[in-house]
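S.K.:
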Amino acid sequence: MTQQIIFIIISAITLIMGWIVVTNRNLFHAALALMGSFLGVAGLYVLLEAGFLAAAQLLVYIGAISILVIFAIMMTRRLMQTTETAFNSQWALGGIISSLLFAVILYVLLNFWTWEPGNGPTGSVPAVDPAVADNMVVSLGAALVDVNQYVLPFEVASVLLLAALVGSIVVAWPEKVSPTTEENE
Amino acid sequence: MVPLSWYLIVAAALFCMGLYGVLARRNAVAILMAVELMLNAVNINLVAFWRYQVFPQPQAPVSGPAWALFVLALAAAEAAVGLALVISIYRERDSVIAEELDTLKY
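Protein sequence lines correspond, in order, to chains A and B. Just so you know, we're using the working numbering here: the first sequence kicks off at 1 and counts up by one. Just so you know, we're using the working numbering here: the second sequence kicks off at 186 and counts up by one.
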């Protein structure tokens, strides 16, 4: 029961913050709400007993990606006056499509969902193997370099991350050929 | 205990909000933020299905968190490239409004 209350509070925070992210006119406030939403998702991971993932979420999303987004907002801030309209001309269609998608998922989940362990909405949850739950970090690390599990996706992801970061540096590199520098030379 | 479908509903709501943001926002940075929301919703689904699986998988005990970590790494790569593109476009065109960037369209 306590867990359900905590779940409802955390998911309410997540969803309200997410709503602020997509609707707020002020981009900086939207970025701060994005951090709050990430924090709520980390809380959901804790409720799901994936503690390492919650820590990774805090470090990567709140620590790195949000800061990156805030930097980008500040570097492009001059043109984003808060008086400007935040939505494009197809916002109504987009709203209809996304709420339709949500309605379909909700309908299916409420009417055709049979994969609850136990009986119905309050059924019991199968316990995670305690050996796995206690050694989450150990088994995760072993799984990532296990030949039979995730070593190939792991290596591909690392190469992709390296390539993406080098590529982003190249893309964002400032143009050196401006008139002032040529005059100085 | 919290039923699995609650997690799925929250993840679906978050995903649909992100979809709305991608479809409706004008600013490219806001679109990227909405994409991050969608990736987070997918991650919630991955971890929730892993936690509530009826048949444990002894040969892959941490499948859900492992894939969620991959999604995390890809989200970081996506954010880096996307924001670098936004900054580069801003330098070039003095604008980060997605609908004004239509050079490839004509």
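Glycine included, C-beta positions come from ideal geometry on N, C-alpha and C. In this text the structure is predicted, and so the values were computed from the model without any measurement.
Can you pull the chain B neighbours of LEU140(A), defined as C-beta to C-beta under 8 Å?
M.R.: Correct list: VAL247, PRO250, ALA251, LEU254.
S.K.: Spell out whether any CB of chain B is found under 8 Å from the CB atom of PRO121(A).
M.R.: Reliability of the predicted coordinates at PRO121(A) is poor, the pLDDT of 39 falling under 50, and the value obtained from them is presented with this limitation in mind. Yes, PRO121(A) lies at the interface with chain B (some Cβ there is under 8 Å from its Cβ).
S.K.: So, does the CB of VAL227(B) fall closer than 8 Å to a CB anywhere in chain D?
M.R.: Annotation note: the requested chain D is absent from the structure, which comprises protein chains A and B.
S.K.: Can you list the residues of chain B that MET136(A) reaches, using a CB-CB cut of under 8 Å?
M.R.: Simply VAL247, PRO250.
S.K.: Leaving out five residues before and five after LEU189(B) in sequence, what residues of the same chain have Cβ atoms less than 7 Å from its Cβ?
M.R.: Answer for LEU189(B): ALA233, TYR237, listed in chain order.
S.K.: Along the alpha helix (DSSP H) that carries VAL220(B), what are the first and last residues, could you check?
M.R.: Taken as a continuous stretch (DSSP letters only), the alpha helix (DSSP H) holding VAL220(B) covers 213-236.
S.K.: Counting only runs of 4+ residues fully inside the region 234-285 of chain B, write out the alpha helix (DSSP H) ranges in chain order.
M.R.: Taking only runs of at least 4 residues, the alpha helix (DSSP H) segments lying wholly in the region 234-285 of chain B are 248-278.
S.K.: Output the distance between the C-alpha atoms of ASN24(A) and VAL145(A), rounded to the nearest integer angstrom.
M.R.: Each residue's Cα considered, the two are about 42 Å apart.
S.K.: Between ILE97(A) and LEU208(B), which are expected to be in contact by the criterion C-beta below 8 Å, what is the C-beta distance as a whole number of angstroms?
M.R.: Confirmed, about 7 Å.
S.K.: Hey, does LEU286(B) have any beta-carbon neighbour from chain A nearer than 8 Å?
M.R.: For LEU286(B), the answer is no, since every Cβ of chain A falls outside 8 Å of its Cβ.
S.K.: Just to confirm my understanding: we take PRO121(A), look at its own chain, exclude 5 residues before and 5 after, and list those with CB closer than 6 Å. What are they?
M.R.: With a pLDDT of 39 at PRO121(A), under the threshold of 50, the modelled position of that residue is not reliable, and the figure given next carries that caveat. Correct list: empty, nothing qualifies.
S.K.: Taking C-beta to C-beta, are SER11(A) and MET35(A) nearer than 8 Å?
M.R.: Not closer than 8 Å, so no.
S.K.: So ALA198(B) packs on PHE87(A), CB below 8 Å; how close in whole Å?
M.R.: Their Cβ separation, rounded to whole angstroms, is 19 Å, which puts ALA198(B) and PHE87(A) out of contact at 8 Å.
S.K.: Out of MET202(B), ASN230(B), ASN228(B), LEU231(B), point me to the one whose CA is closest to MET218(B)'s CA.
M.R.: Nearest of MET202(B), ASN230(B), ASN228(B), LEU231(B) to MET218(B), Cα basis: MET202(B).
S.K.: Compare the C-beta of ASN230(B) against all C-beta atoms of chain A and say whether one is closer than 8 Å.
M.R.: Not one chain A Cβ lies under 8 Å of ASN230(B).
S.K.: From ARG210(B) to ASP287(B), what does the alpha carbon distance come to, in whole angstroms?
M.R.: Going from the Cα of ARG210(B) to the Cα of ASP287(B) covers about 16 Å.
S.K.: Would you decide whether ALA172(A) is buried or exposed? Buried here means 16 or more other CB atoms lie within 10 Å of its CB.
M.R.: With 16 or more Cβ atoms within 10 Å of its Cβ, ALA172(A) is classed as buried.
S.K.: Using the three-state DSSP reduction, which class does PHE87(A) fall into: helix, strand or coil?
M.R.: Strand, per DSSP.
S.K.: Any chance you could list the alpha helix (DSSP H) runs of at least 4 consecutive residues sitting entirely within the region 5-46 of chain A, in chain order?
M.R.: Taking only runs of at least 4 residues, no alpha helix (DSSP H) segment lies wholly in the region 5-46 of chain A.
S.K.: Using 8 Å for Cβ pairs, my map puts ALA157(A) next to PHE255(B). What's the rounded Cβ distance?
M.R.: Indeed they touch by this definition, with Cβ atoms about 5 Å apart.
S.K.: Checking 8 Å against the spacing of the C-beta atoms, do VAL187(B) and GLN3(A) come in under that value?
M.R.: It is a contact, given that the beta carbons lie within the stated cut-off.
S.K.: Are the beta-carbon atoms of ALA164(A) and ALA265(B) separated by less than 8 Å?
M.R.: For ALA164(A) and ALA265(B), yes; Cβs fall inside 8 Å.
S.K.: Counting only C-beta atoms, is TRP191(B) closer than 8 Å to chain A at any point?
M.R.: So yes, TRP191(B) belongs to the interface.
S.K.: At which residues does the alpha helix (DSSP H) containing PRO153(A) begin and terminate?
M.R.: Run containing PRO153(A): 151-171, per the alpha helix (DSSP H) assignment.
S.K.: With distances taken Cα to Cα, identify the nearest neighbour of SER89(A) among ASN230(B), LEU231(B), ALA226(B), GLU284(B).
M.R.: Here the closest residue by C-alpha is GLU284(B).
S.K.: Alpha helix (DSSP H) containing GLY63(A): first to last residue?
M.R.: Looking at the DSSP string, GLY63(A) is not in any alpha helix (DSSP H), and its letter there is neither H nor E.
S.K.: Considering Cα atoms alone, identify which of ASN26(A), ILE16(A), VAL22(A) is closest to LEU39(A).
M.R.: Of the candidates ASN26(A), ILE16(A), VAL22(A), the one whose C-alpha sits nearest the C-alpha of LEU39(A) is ILE16(A).
S.K.: Counting along the chain, where does the alpha helix (DSSP H) carrying VAL195(B) start and finish?
M.R.: Element bounds for VAL195(B): 189-209.
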